[in-house]
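Residue numbers (the numbering used here): 11 to 113.
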């Protein structure tokens with residue numbers, strides 16, 4: 011599942027260090043342009059003291075990192091496509107239910 015951007019974002023989160031991408035998004039924003047994070051990998055984010063203190067699993071951290079990329083649209087938009095009001099429910103099953111569960 012996912013758009014080409016979603017797949018590219020997941021591969022970036024899983025296999026690249028921050029700052030290893032020249033890809034730009036809306037308004038020319040660079041991905042991971044924060045110099046304090048340059049060179050960090052998913053292993054570093056999992057081992058971060060805040061991740062450890064929160065007892066986040068690797069899956070939680072991956073889901074959060076993916077959510078901070080352009081893939082957020084594919085995660086958010088299905089949650090906004092609701093039917094009914096008592097209670098509201100998704101119009102169709104979410105394409106990324108496991109990622110949403112880890113978020």
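Note that CB positions come from ideal geometry on N, CA and C, so glycine has one too.
Alpha-carbon to alpha-carbon, residue j and residue i
i, j, result
"residue 31", "residue 22", "8 Å"
"residue 69", "residue 62", "13 Å"
"residue 107", "residue 89", "11 Å"
"residue 53", "residue 28", "12 Å"
"residue 33", "residue 97", "41 Å"
"residue 46", "residue 100", "39 Å"
"residue 16", "residue 83", "9 Å"
"residue 35", "residue 79", "10 Å"
Residue i and residue j closer than 8 Å at C-beta
i, j, result
"residue 103", "residue 11", "no"
"residue 71", "residue 19", "no"
"residue 74", "residue 113", "yes"
Start-to-end residues for the alpha helix (DSSP H) that takes in residue i
i, result
"residue 109", "107-112"
"residue 103", "That residue, residue 103, is in no alpha helix (DSSP H); it is neither H nor E in DSSP."
"residue 19", "14-25"
"residue 61", "59-63"
"residue 75", "68-77"
Under the three-state DSSP convention, the category residue i falls into
i, result
"residue 85", "helix"
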